[in-house]
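Undergrad: Residue numbers (our numbering): 20 to 62. C-beta atoms are modelled at their ideal positions from N, C-alpha and C, and glycine is treated no differently. As the structure is a prediction and not an experimental result, all values here were calculated from the model.
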């Protein structure tokens with residue numbers, strides 16, 4: 020479902036957040052998930 024939502028043309032920031040959550044779901048730590056989305060762990 021997350022992949023479908025990302026394809027629906029949501030704002031880039033929302034796509035990044037969904038990608039971040041997806042990375043956490045698949046086992047990344049917060050720091051790893053943030054790195055994958057180009058953010059720091061604090062944001």
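Quick one: residues in its chain with C-beta nearer than 6 Å to the C-beta of residue 39, no 5 flanking neighbours on either side, listed in chain order?
TA: 52 and 56.
Undergrad: Tell me which residue opens and which closes the alpha helix (DSSP H) that residue 51 is part of.
TA: Taken as a continuous stretch (DSSP letters only), the alpha helix (DSSP H) holding residue 51 covers 49 to 55.
Undergrad: Alpha carbon to alpha carbon, how far is residue 58 from residue 50? Give it in angstroms, no decimals.
TA: Their backbone Cα atoms lie some 9 Å apart in a straight line.
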